[in-house]
């Protein structure tokens, strides 16, 4: 029944997405998610036993527990987009306990939110669901508005409140990116010392990434390289927006590229574009989770399922979905999260 519902939600895209055969990176060279992912990938790494335990805890919780796939509820929009703008449609989420309840009742592997929200309720919930502390944010109270990820607390504080992992954002391509790379690299080193897993939001931001009416912030070549820098600073999991185009390097005429990036290594098909992102995550050794995106209202369920199908068939590890879930009725939010998880539980939806 779940598979039939997925087909229905994909609508006219169903055949294109479910029947696509990728001929770029063979699925045989990918390190795909599975129940043995920690043993297969991270046991051979420099991650210490505490990191391995926390990664396994992350992969073992919720409806996707034991599959190697993950479903994360992220709610840091109270800082990133202002609390009023983020929670006006559903004011119960001004109280962070409802964020934790949504993640738990929605069957998520983990919840990612702010220091304050998790610290306020850590003794009640830290043992019930994995905490991912978002350690840096872009705040919107400076005028004129600026875009810069700054640290809001320490990794040690995240460890003290019972976190399983820390998350951070780097705005690759921005004027502040060099400082952010250095800060996050140091934070991730400390996190691994303490046994915490690390998740990097690999976002791109530069006004020059828009040209001739086209936005290349989510181009596969640019986001793929952002992912590659992310795994280089030892992120265990990469969060990235789903690619919507390609050819950002050549259109803007910067960085370096090879024409095979746009021919042999990718096509215009959304699954192949996403697979290029996976390839840049050390061929999937660091799992790729794609963003659920902003809430669009009535089409949220369809868009979320579509993103999940693309991510899974490309070789990704799951979805990190927030606004589409919490900016609606609590029960409807749970149903949306569960429907996305059903994509990863469906045996009919296989690697392309």
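Numbering (my numbering), first residue to last: -14 to 337.
Using N, Cα and C, we set each Cβ at its ideal position, and we do this for glycine too.
Same chain, Cβ closer than 6 Å to residue i, five either side skipped, listed in chain order
| i | result |
| --- | --- |
| residue 157 | 189, 211 |
| residue 12 | 336 |
| residue 187 | 211, 212, 215, 223, 225 |
| residue 128 | none |
| residue 272 | 222, 302 |
| residue 280 | 308, 309, 312 |
| residue 209 | 261, 262, 265 |
Cβ distance (whole Å) where residue i is taken to contact residue j below 8 Å
| i | j | result |
| --- | --- | --- |
| residue 166 | residue 222 | Going by Cβ atoms, the distance from residue 166 to residue 222 rounds to 17 Å, so no, they are not a contact pair. |
| residue 56 | residue 303 | 6 Å |
| residue 87 | residue 318 | 6 Å |
| residue 89 | residue 113 | 6 Å |
Opening and closing residue of the alpha helix (DSSP H) in which residue i lies
| i | result |
| --- | --- |
| residue 34 | 34 to 45 |
| residue 315 | 315 to 330 |
| residue 297 | 285 to 299 |
| residue 236 | 233 to 237 |
| residue 165 | 162 to 179 |
| residue 86 | 81 to 90 |
| residue 255 | 255 to 264 |
| residue 72 | 68 to 72 |
Through-space distance from residue j to residue i, alpha-carbon basis
| i | j | result |
| --- | --- | --- |
| residue 255 | residue 229 | 7 Å |
| residue 276 | residue 95 | 15 Å |
| residue -10 | residue 287 | 10 Å |
| residue 311 | residue 84 | 8 Å |
| residue -7 | residue 14 | 32 Å |
| residue 150 | residue 265 | 22 Å |
| residue 263 | residue 270 | 9 Å |
| residue 68 | residue 155 | 22 Å |
| residue 45 | residue 308 | 24 Å |
| residue 321 | residue 334 | 18 Å |
| residue 253 | residue 234 | 16 Å |
| residue 316 | residue 118 | 25 Å |
| residue 220 | residue 284 | 32 Å |
| residue 240 | residue 227 | 21 Å |
| residue 62 | residue 267 | 30 Å |
| residue 161 | residue 332 | 43 Å |
Check: residue i C-beta below 8 Å from any heavy atom of the ligand SAM
| i | result |
| --- | --- |
| residue 96 | In the structure shown, the ligand SAM is absent, as is every other ligand, since no ligand is present at all. |
N-terminal and C-terminal residue of the beta strand (DSSP E) that residue i is part of
| i | result |
| --- | --- |
| residue 188 | 182 to 189 |
| residue 150 | 150 to 157 |
| residue 59 | 55 to 60 |
| residue 275 | 272 to 276 |
| residue 304 | 303 to 305 |
| residue 210 | Not the beta strand (DSSP E): residue 210 falls in the alpha helix (DSSP H), residues 205 to 217. |
| residue 98 | 95 to 98 |
| residue 116 | 115 to 119 |
| residue -8 | Note, residue -8: premise wrong, no beta strand (DSSP E); alpha helix (DSSP H) at -13 to -5. |
| residue 224 | 222 to 225 |
Residue j beta carbon less than 9 Å from that of residue i
| i | j | result |
| --- | --- | --- |
| residue 39 | residue 182 | yes |
| residue 313 | residue 71 | no |
| residue 58 | residue 294 | no |
| residue 7 | residue 298 | yes |
| residue 122 | residue 99 | yes |
| residue 64 | residue 125 | yes |
| residue -13 | residue 324 | yes |
| residue 101 | residue 52 | no |
| residue 133 | residue 170 | no |
| residue 177 | residue 33 | yes |
Neighbourhood of residue i by C-beta, 7 Å cutoff - its chain only, sequence neighbours within 5 removed
| i | result |
| --- | --- |
| residue 147 | 107, 111, 116 |
| residue 251 | 9, 205, 231, 257, 258, 261 |
| residue 136 | 120, 121, 168 |
| residue 290 | -9, -6, -5, 324, 325, 328 |
| residue 105 | 81 |
Close-in-space but distant-in-sequence residues of the same chain around residue i (CB under 8 Å, 5 per side omitted)
| i | result |
| --- | --- |
| residue 179 | 35, 140, 141, 144 |
| residue 237 | 193, 194, 196, 201 |
| residue 49 | 55, 56, 92, 94, 303, 326, 329, 330 |
| residue 368 | No answer is possible for residue 368: it lies beyond the span of the chain, which begins at -14 and ends at 337. |
| residue 37 | 23, 27, 28 |
| residue 199 | 230, 236 |
C-beta neighbour in chain D for residue i, strict 9 Å
| i | result |
| --- | --- |
| residue 193 | Within the model displayed, chain D is absent; a lone protein chain is all it includes. |
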